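The next block holds one structure in the form of structure tokens; read it before the comments.
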Amino acid sequence: MNIVLSVRQFLNDMRRQKLRTAMTMFGIFWGTCAIVLLFAFGKGLTEAQMKSQKGMGENILIVWPGITAKEFNGLPRGRRIRPTDDDVRFLKQNAQTLAHISPENGRHMTLKYGRQTHRRFVDGVWPEYCIMRNIIPQFGSRFINEPDLQNRRRVIFLGDILAGDLFGDSVSAAVGKRILVNSMPFTVIGIMKSKEQNNSYRGRDNRTAYIPNTTYQAMFSERHSDDFVAQHKPQFTGEIARQEIFRILGEKYRFDPTDEEALAVWDTTEGFAFLKTFFMAFSSFLVGIGFATLITGAIGVTNIMNVVLEERTKEIGIKMALGARKSTILWQFIFETLLITGVGGVLGFAFAYGVISVVPMLNLEEFIGIPTIDGWGAIMMSCLLGLVGLTAGIFPARRAANLQPVQALKLF
Amino acid sequence: MSAIMDMKQIRKVYQTGKVTFEALRGIDIQVERGESVAVVGPSGSGKSTLMNLMGCLDVLTSGEYKLDGELVNTLTSNQLADIRNKKVGFVFQAFNLLPYATAYENIEIPLLFARVTGRKRRQRVTELLARVGLADKAANKPTEMSGGEMQRVAIARALANDPEIILADEPTGNLDSASGGEIVKLFNELWKQGKTIIIITHDASIAGQTQRIIRLKDGAVDGNGDLR
């Protein structure tokens, strides 16, 4: 059959049944839009969550002091286990599973520069802390180094937001400036490059200040640290690293290495794995909803085509009387359905794409990430739409093609 | 002359739920090549059913129907479609033109189904439009034409693939007498050019212009002679 005539017939039908065709197309439009948007937002959100989870560092274990819950070698339970910096150093030298380690000591302090005064969290750490936590100094600045630590220097590294709070517009000139920390002068040595992080146990890194742990301990006469952060080597799991820490410290403090209460451990990789599973389920759920919408749209198209068939029966009869074969009638209907689903689908896709392009301008990245459609998603979407169109078209088309010409003409 | 249509003991039974209705009760009809025949009879006598069977628009319940020597009962749906496309041209009372297509496009349809390509097709449509006197109405849609014009487009369409047989069901039924007269004139011309013409009609004056009249009554042939 002539394509031009088919298209004209289709357009004619559309004119005659504007509302109905529009509603049908809207069904497919909305289904497509929903799938694409849900898929894109799901993906964006997942990636944003993963990225900000990584902002806290990868393969990180955080270990706090604990109290034994098991008796061991004649020692009672309920003993407090509180590792010192020497223990952390011992772990650094002896633990096979760990790549980096640093004690952490912190409290809120008053930071003052010029007229700006802010009460913020100040963390005493070791130099390798920045490697573990993906803290990258801005150009022309640096993090705490080994000499700072050994000499208990009064130097301070600032989170980017905190630096902005203190220095305002002159952040770029902050390095080398003196600020007062609890009335003691400190030299700013570095400012953090902005990073995403949605997960922490004592405030975001971008609002925190870092000083050498030795300086911190000297300021407050501390011998112990609040906790220590360890990064295990990628070839080991968090659990194996935890067991090694328990074995080494268990020998020293004489507690049962299987006593999980002896030290409190947060294995962030566990959370990471959970997050991955959760967001996979979440994405599947969203796509499921979109898919259901699309199916509803397809059922709508099938219905419409059935009604169209009723209306067009006579026309089918005329065509059959003029020599149209079954296959011609079949293809005409399939063509029309594909056109409806195709146009609806393309519009839906375009609209979704528009929405996705606008979203990054709304500065919501921290909360919803950047929604993205990948090439495979688009191809899969097209195939899915084609399938929906074909399925929706095939039933009415078969019914139409199986009519006897006289039935279609309603001559009897 | 040889019989182009040979029907023996044709029966057609319609079944609707538990109700059966025998529209044709075993009729025998032969139509010779190049003959013009009128089928007349009161409403419900089976005229239209006969035309549907003759034109392969419907399948018979029992009997034997040979069209141009081919046993129609045994043909596939595609073969039947080809017969409707090339061997038989239909003219209906209600014109049955596609409402959204122009006169030109309506005439073009059987040629499209016959896969007649490009220039040949355009040539043929133009020729047919001229033949029915509508060369200037090629771009008109059915709603922009009179009844007579529409029926002439329908006749041009029926002639598209140069069929041997023209089947017309009350072709003047919806027309005024002047237009009806023109249509009948057109049929006469076609007959003179060698087409086999079968016209179903109530109109005695149209029947009177054919070579032979077949009278149907209650699904059976009531005489086979000349009623003039």
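Chains as they are written, first to last, in this note's numbering: chain A, 141 to 552; chain B, 11 to 238.
Virtual Cβ for every residue (Gly too), placed ideally from N, Cα, C.
Every value quoted in this text rests on a predicted model; they were computed, and no experiment measured them.
Open item on the list: With a threshold of 6 Å on Cβ separation, who are the neighbours of B/Lys-22 within its own chain once the five nearest residues in sequence on each side are excluded?
Closed with: Sequence-distant partners of B/Lys-22 (beyond 5 residues in either direction) whose C-beta falls short of 6 Å from its own C-beta, in its chain, are Ala-33, Leu-34, Thr-59, Leu-70, Thr-71.
TODO: Please list, in chain order, all residues of the same chain as B/Ile-119 whose beta carbon is under 8 Å from its beta carbon, the five residues on each side excluded.
DONE: Here the set comprises Leu-108, Ala-111, Arg-167, Ala-170.
Open item on the list: Short of 6 Å in beta carbon distance, which residues of its chain neighbour B/Leu-16, apart from the five on each side in sequence? Order them along the chain.
Closed with: Per the sequence shown, residue 16 of chain B should be read as Asp rather than Leu. By the criterion of a C-beta distance shorter than 6 Å, B/Asp-16 is surrounded in its chain by Gln-40, Lys-76, once the five residues flanking it on both sides are discounted.
- [ ] With a 10 Å radius around its C-beta and 16 neighbouring C-beta atoms as the bar for buried, classify A/Gly-533 as buried or exposed.
- [x] That one is buried.
TODO: For A/Lys-466, go through chain B and note every residue whose CB falls closer than 8 Å to its CB, in chain order.
DONE: The contacting residues are Ser-87, Asn-88, Ala-91.
Open item on the list: On the DSSP bridge list, what partners appear for B/Ile-39?
Closed with: Answer by DSSP bridge pairing, in chain order: B/Met-17.
Task: B/Arg-94 versus B/Cys-66 - alpha carbon distance - done: Here the C-alpha atom of B/Arg-94 lies approximately 7 Å from the C-alpha atom of B/Cys-66.
Open item on the list: List, from N- to C-terminal side, the beta strand (DSSP E) runs of 3 residues or more that fit wholly inside the segment 53-139 of chain B.
Closed with: Listed in chain order, they are 72-77, 98-101.
- [ ] Would you mind telling me which residues of chain B sit closer than 8 Å to A/Glu-336, beta carbon to beta carbon, in chain order?
- [x] From the beta-carbon of A/Glu-336, no residue of chain B is found nearer than 8 Å; the closest lies around 58 Å away.
Open item on the list: Assuming contact is defined by CB atoms lying nearer than 8 Å, are A/Val-427 and A/Leu-178 in contact in what I supplied?
Closed with: It is a contact, given that the beta carbons lie within the stated cut-off.
- [ ] Could you tell me which of A/Ile-444, A/Ala-162, A/Asp-345, A/Met-190 sits nearest to A/Thr-417, measuring between CA atoms?
- [x] Among A/Ile-444, A/Ala-162, A/Asp-345, A/Met-190, the Cα nearest to that of A/Thr-417 is on A/Met-190.
- [ ] Excluding the 5 residues preceding and the 5 following A/Gly-171 in the sequence, name in chain order all residues of the same chain whose CB lies nearer than 6 Å to its CB.
- [x] Taking C-beta separations shorter than 6 Å and ignoring five residues to either side along the sequence, the partners of A/Gly-171 in its chain run Thr-433, Leu-434, Gly-437, following chain order.
TODO: Enumerate, from N- to C-terminal direction, the unbroken alpha helix (DSSP H) stretches of 4 or more residues contained entirely within the segment 408-440 of chain A.
DONE: Complete alpha helix (DSSP H) runs here, min 4: none at all.
Task: Closest Cα partner of A/Gly-264 within the set A/Met-249, A/Gln-256, A/Arg-255 - done: For A/Gly-264, the closest of A/Met-249, A/Gln-256, A/Arg-255 by C-alpha to C-alpha distance is A/Met-249.
Task: Whole-number beta carbon distance between A/Arg-222 and A/Thr-208, since they are thought to touch under 8 Å - done: For A/Thr-208 against A/Arg-222, the beta-carbon gap comes to about 12 Å, at or over 8 Å, which does not count as contact.
Task: Contact between the segment 87-103 of chain B and the segment 127-139 of chain B (3+ Cβ pairs under 8 Å) - done: Verdict: no, contact absent.
Task: Extent of the continuous beta strand (DSSP E) run through A/Gly-330 - done: Boundaries of the beta strand (DSSP E) harbouring A/Gly-330: 324-331, taken from the DSSP string.
TODO: May I have the straight-line CA-CA distance separating B/Arg-238 from B/Thr-86, to the nearest angstrom?
DONE: Low confidence applies to B/Arg-238: its pLDDT is 46, below 50, so where it sits in the model is not reliable enough to give any reading.
Task: A/Asn-503 Cβ short of 7 Å to the ligand MN heavy atom set - done: Although the ligand MN was asked about, the structure shown includes no ligands whatsoever.
Task: Per-residue burial, A/Val-554 [other beta carbons within 10 Å of its own, 16 or more giving buried] - done: Only positions 141 to 552 of chain A appear in this structure, which leaves residue 554 of chain A out of reach.
Task: Whether A/Asp-227 touches A/Lys-373 by CB criterion (8 Å) - done: Contact flag unset, no.
Task: Under the three-state DSSP convention, the category A/Ala-404 falls into - done: Of the three classes helix, strand and coil, the one that applies to A/Ala-404 here is strand, per DSSP.
Task: Under 8 Å between C-beta atoms of A/Asp-345 and A/Met-324 - done: It is not a contact, given that the beta carbons lie outside the stated cut-off.
Task: Partners in chain B for A/Pro-536, counting only beta-carbon separations shorter than 8 Å - done: Taking the beta carbon of A/Pro-536 as reference, no residue of chain B falls within 8 Å; the closest one sits roughly 18 Å away.
TODO: Please state if the CB of A/Leu-487 and the CB of A/Phe-181 are separated by a distance shorter than 8 Å.
DONE: Taking 8 Å as the Cβ cut-off, A/Phe-181 and A/Leu-487 do not qualify as a contacting pair.
Task: A/Pro-397 - DSSP class collapsed to helix/strand/coil - done: Under the three-state reduction of DSSP, A/Pro-397 is assigned to coil, being neither helix nor strand.
TODO: Taking the CB atoms as reference points, tell me whether A/Thr-408 and A/Ile-200 lie closer together than 8 Å.
DONE: Cβ atoms of A/Thr-408 and A/Ile-200: closer than 8 Å.
Open item on the list: By DSSP's criteria, B/Lys-22 is part of a beta bridge. Which residues make up the other side?
Closed with: In DSSP, B/Lys-22 forms a bridge with B/Leu-34.
Open item on the list: Would A/Asn-353 and A/Leu-403 be called neighbours here (beta carbons separated by less than 8 Å)?
Closed with: For A/Asn-353 and A/Leu-403, no; Cβs fall outside 8 Å.
TODO: Give every residue of the same chain whose Cβ lies closer than 7 Å to the Cβ of A/Phe-552, excluding the five residues on either side of it in the sequence, and list them in chain order.
DONE: Residue confidence for A/Phe-552 is low, a pLDDT of 46 falling below 50, so the modelled location carries little weight and cannot support an answer.
TODO: Have a look at A/Arg-465 and A/Leu-185 and give me their C-alpha separation to the nearest angstrom.
DONE: Their Cα atoms are separated by approximately 52 Å.
Open item on the list: Assuming the contact rule is C-beta atoms closer than 8 Å, B/Ile-5 and B/Gln-161 should be a hit. Round their C-beta distance to whole Å, please.
Closed with: What the structure shows of chain B is the stretch from 11 to 238, and residue 5 of chain B is not part of that stretch, so it cannot be assessed.
Task: Straight-line Cα distance separating A/Ser-423 from A/Ile-510 - done: Looking at the two C-alpha atoms, the distance is approximately 15 Å.
Open item on the list: Counting only beta-carbon separations shorter than 8 Å, does A/Glu-455 have a partner in chain B?
Closed with: With respect to chain B, the C-beta atom of A/Glu-455 has a partner C-beta closer than 8 Å.
Open item on the list: So, with DSSP's three-state summary, where would you put B/Ser-215?
Closed with: Of the three classes helix, strand and coil, the one that applies to B/Ser-215 here is helix, per DSSP.
Task: Residue environment, B/Ala-140, which counts as buried when at least 16 other CB atoms sit within 10 Å - done: It counts as exposed.
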